[in-house]
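In my numbering, the protein residues as written are 16 to 114. Yeah, the Cβ is synthetic: ideal placement off N, Cα and C, and Gly gets one too.
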């Protein structure tokens, strides 16, 4: 599985920094991943659905730590590129073809 496209949609919130859409192998899209600023730095939260009891359940998520690390690395690199481009006056959102 390869992440072939990343689109970053920034938000102006305290901890939530951006929503992200990724494309896998040019044929499967996952929307609403979140870039969160936590106590130890930036991390990625998977898309989730609110349940009747008020808790949240991931809709999609990696099944192992290696896949999660790969996704987080690629997404955070693109998020950092977006921050740099925004500082230089480039248009937002940023989309990156990664092949």
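Assuming residue i and residue j make a contact with CB atoms under 8 Å, what is their CB distance in whole Å?
i: residue 75; j: residue 45; result: 5 Å
i: residue 97; j: residue 23; result: 4 Å
Taking residue i as the reference, give the member of the options with the closest Cα.
i: residue 36; options: 47, 67, 78 and 87; result: 47
i: residue 58; options: 34, 20 and 78; result: 34
i: residue 41; options: 17, 23, 60 and 64; result: 17
i: residue 54; options: 100, 43 and 29; result: 29
i: residue 21; options: 71, 69 and 92; result: 92
Tell me the residue span of the beta strand (DSSP E) that contains residue i.
i: residue 53; result: 43-53
i: residue 56; result: 56-60
Taking 7 Å as the cut-off, is the C-beta of residue i nearer than that to any heavy atom in the ligand ZN?
i: residue 69; result: Among the components of this structure there are no ligands whatsoever, and the ligand ZN is therefore not found.
Which same chain residues, not among the five before or five after residue i, have their C-beta less than 6 Å away from its C-beta?
i: residue 32; result: 50 and 52
Could you check if residue i is buried or exposed, using at least 16 other CB atoms within 10 Å of its CB as the buried criterion?
i: residue 90; result: buried
i: residue 94; result: buried
i: residue 67; result: exposed
Once you ignore the five residues that flank residue i on each side, which residues in its own chain have a CB closer than 7 Å to its CB?
i: residue 83; result: 77
Excluding the 5 residues flanking residue i on each side, which residues of the same chain have their C-beta closer than 8 Å to its C-beta?
i: residue 87; result: 58 and 59
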